[in-house]
Amino acid sequence: MLETIKETAEWLRAHTELRPHIAIILGTGLGHLASEIDIVDAFPYADVPHFPVSTVEGHQGRLLFGRLGGQPVMALDGRFHYYEGYSMTEVTFPVRVMHELGIDTLFVSNAAGGMNPDFEIGDLMLITDHINHMPEHPLRGKNLPTGPRFPDMSEAYDHQLLAMARDIAAEKGIRVREGVYLGTSGPTFETPAEYRMFRILGADAVGMSTVPEVIVARHSGIRVFGVSVITDLGVEGKIVEVSHEEVQRAANAVQPLMADIFRTMIARLEA
Ligand code: HPA
Numbered sequence: 265m266l267e268t269i270k271e272t273a274e275w276l277r278a279h280t281e282l283r284p285h286i287a288i289i290l291g292t293g294l295g296h297l298a299s300e301i302d303i304v305d306a307f308p309y310a311d312v313p314h315f316p317v318s319t320v321e322g323h324q325g326r327l328l329f330g331r332l333g334g335q336p337v338m339a340l341d342g343r344f345h346y347y348e349g350y351s352m353t354e355v356t357f358p359v360r361v362m363h364e365l366g367i368d369t370l371f372v373s374n375a376a377g378g379m380n381p382d383f384e385i386g387d388l389m390l391i392t393d394h395i396n397h398m399p400e401h402p403l404r405g406k407n408l409p410t411g412p413r414f415p416d417m418s419e420a421y422d423h424q425l426l427a428m429a430r431d432i433a434a435e436k437g438i439r440v441r442e443g444v445y446l447g448t449s450g451p452t453f454e455t456p457a458e459y460r461m462f463r464i465l466g467a468d469a470v471g472m473s474t475v476p477e478v479i480v481a482r483h484s485g486i487r488v489f490g491v492s493v494i495t496d497l498g499v500e501g502k503i504v505e506v507s508h509e510e511v512q513r514a515a516n517a518v519q520p521l522m523a524d525i526f527r528t529m530i531a532r533l534e535a
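Now the structure itself:
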């Protein structure tokens, strides 16, 4: 496993001159940010040694190296979901490679169903915390030396980055919500009873990704900032049929705002 990670990192180092400290994972329907990156090198996942290949519609599956907000960044345009059949090791492999490449700050985005009754479709939710509701833990098995056997999760989402995001949103007049993201395996969207249960568990939004990557990032000492785009509502009385297309459409409409927050934060981070 360590050898594989090192081989992929070495291949990337040999194929790009950029040495970013910041990485971005773009969620479903949120690939627009990729078009704002001044791309220096783009690698289809199929070309990257040991990389799984992304299959879900709406994901192009490219590893990008470029500049955003004046800073070198690495971006995963398309992530690997557990529901696609990838193992947790595969789902989180890119984060392992990021750590090996010297990434210290990770920006993640996803599309999610909102369960907080105050939320509306098209809201941006700064992720303040998460609930791991996936059927398998990404750190199960032999502990890799990037972090302790029993990693702390008291600040999974970096408070300083959250404060910076709040400031930037206020300056730009972008309305943001805040809340807890619950990661479930999918691929079904929730039944009304499941939305109710997740709300009772303490979640404001639910989605099928992010939590495994964030856990592995934290285990590797990478600080994390995350945003959920609320694409549908799991709120009693507001639950309607959901489709992947609608999720993509709703995500598409707000992605410029999310991109604006990400870009401005990255520009303000010290290199
Ligand atoms: N549930 C789970 N995943 C999702 C949802 C949802 O309502 N919306 C977008 N991704």
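Numbering (the numbering used here), first residue to last: 265 to 535. All C-beta atoms, glycine included, are put in the ideal place defined by N, C-alpha and C. All of these numbers come straight from a predicted model, not from anything done at the bench.
query	result
With a threshold of 7 Å between beta carbons, is residue 338 in contact with chain D?	Looking for chain D here will not work: only one protein chain is present.
Got a sec? Which residues, its chain only, sit under 6 Å from residue 519 by beta carbon, not counting five neighbours each side?	294, 296
Regarding residue 471 and the ligand HPA, is the C-beta to nearest heavy atom distance less than 6 Å?	yes
Which same chain residues end up closer than 6 Å to residue 307 when comparing Cβ atoms and leaving out the 5 residues on each side of it in sequence?	327
Whose C-beta lies closer than 7 Å to the C-beta of residue 492 among residues of the same chain, with five residues either side of it excluded?	374, 376, 389, 391, 445, 469, 471
Could you pull out every unbroken alpha helix (DSSP H) segment of at least 4 residues lying fully inside the stretch 475 to 504, listed in chain order?	475 to 483
Nearest to residue 269 by CA position, among 383, 285, 416, 312, is which residue?	312
Following a CB-centred definition, is residue 376 positioned closer than 6 Å to any heavy atom of the ligand GDP?	The model depicted lacks the ligand GDP and carries the ligand HPA instead.
Using a Cβ-based criterion (distance less than 6 Å to any ligand heavy atom), does residue 387 qualify as near the ligand HPA?	no
Go ahead and label residue 345 buried or exposed: buried means 16 or more other beta carbons lie within 10 angstroms of its beta carbon, across all protein chains shown.	buried
Taking C-beta to C-beta, are residue 338 and residue 287 nearer than 7 Å?	yes
Please list the terminal residues of the continuous alpha helix (DSSP H) segment that includes residue 528.	508 to 532
Using C-beta distances below 6 Å, list every residue in its chain close to residue 545, excluding the 5 sequence neighbours before and after it, in chain order.	Summary: the structure shown does not reach residue 545, with the chain confined to residues 265 through 535, and so no result is reported for it.
Select from 354, 509, 358 the residue whose C-alpha is nearest the C-alpha of residue 341.	358
Return yes when the Cβ of residue 354 is within less than 7 Å of the Cβ of residue 316, no when it is not.	yes
Give the DSSP bridge partners of residue 329, in chain order.	305, 338
Find the nearest neighbour of residue 402 within the set 422, 479, 512, judged by alpha-carbon distance.	479
Measure how close the beta-carbons of residue 475 and residue 496 come, nearest whole angstrom, since I'm counting them as under 8 Å.	That belief does not hold up - the Cβ atoms of residue 475 and residue 496 are roughly 19 Å apart, past 8 Å.
For the stretch 413 to 463, list the beta strand (DSSP E) runs that are entirely contained and at least 3 residues long, ordered along the chain.	440 to 447
Cβ of residue 325 within 7 Å of Cβ of residue 347?	no
State yes or no: is the C-beta of residue 510 nearer than 6 Å to some heavy atom of the ligand HPA?	no
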